[in-house]
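The structure appears below as structure tokens.
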Amino acid sequence: MKTVYTLAEALAKDPGRVAKTQALTLDSSRPCMGLKGKHGLFASEAWWKSIAARRLQTQTLTGIIERTYFAGQDSRRGDEVNSFTLRLADGSTADESIYTHHKHDIKLFVPGATVTMVHALDELKAPAADGGIGHARIVLEVSVSAA
0 MKTVYTLAEA LAKDPGRVAK TQALTLDSSR PCMGLKGKHG LFASEAWWKS IAARRLQTQT
60 LTGIIERTYF AGQDSRRGDE VNSFTLRLAD GSTADESIYT HHKHDIKLFV PGATVTMVHA
120 LDELKAPAAD GGIGHARIVL EVSVSAA
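Per numbering that gives the first Met the number 0, the sequence shown starts with residue 0, numbered consecutively.
Have a look at this one:
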């Protein structure tokens, strides 16, 4: 498996993302927007420690790519893809976005390739639609193997 994305590397290239996310968490005038910060501010030392100590729940999905496709309304160039359907071991599927640090790694996302994605499930300020606890699925790492 080749690791093609880590949140830590992405944030090192975009420190403004951390500042904006943390500011929204701390903004009491927006009680239904942003992360709750229960396990530390996004990408802070406390937040990463909460992930390492498993206080902040994570979810790992591993499966085989069934198809790739282009999702969204942005302009598309040729046969460009940005998403894929992952067939999990239990037979269910998950539609996910392609995350890479380098454009040339997008070509690794082909039907038959195995993908592992790790998400942090960070609590949102706003409740879920059913009144329960809402979570943001924050991609921590993506690895892919050849088809």
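Even for Gly, the Cβ is constructed at its ideal location relative to N, Cα and C.
Note that this is a predicted model, so its numbers are computed, not measured.
Same chain, Cβ closer than 7 Å to residue i, five either side skipped, listed in chain order
i, result
"S96", "N81, S82"
"L10", "R16, V17, A42"
"P30", "K124"
Proximity winner among the options, relative to residue i (alpha-carbon distances)
i, options, result
"A119", "A135, M32, V109", "A135"
"M32", "D94, H38, T20", "T20"
"H38", "L25, L55, S144", "L55"
"G36", "L139, K124, F108, S144", "K124"
"D89", "L23, G71, G62", "G62"
"L60", "T84, A70, E44, A127", "T84"
CB of residue i within 8 Å of CB of residue j, strictly
i, j, result
"T57", "V117", "yes"
"L139", "L40", "no"
"V3", "T99", "yes"
"E122", "L34", "yes"
8 Å Cβ shell around residue i - same chain, five flanking residues per side excluded
i, result
"K1", "D104, L107, S142, V143, S144"
"S49", "H38, G39, L55"
"F112", "The amino acid occupying residue 112 in the given sequence is Ala; Phe does not appear at that position. Answer for A112: I63, I64, V143, S144, A145, A146, listed in chain order."
Burial state of residue i, where buried means 16 or more other Cβ atoms lie within 10 Å
i, result
"E65", "exposed"
"I137", "buried"
Own chain partners of residue i with C-beta closer than 6 Å, once the 5 adjacent residues on each side are dropped
i, result
"R86", "G62, I63, E65, T92"
"S27", "none"
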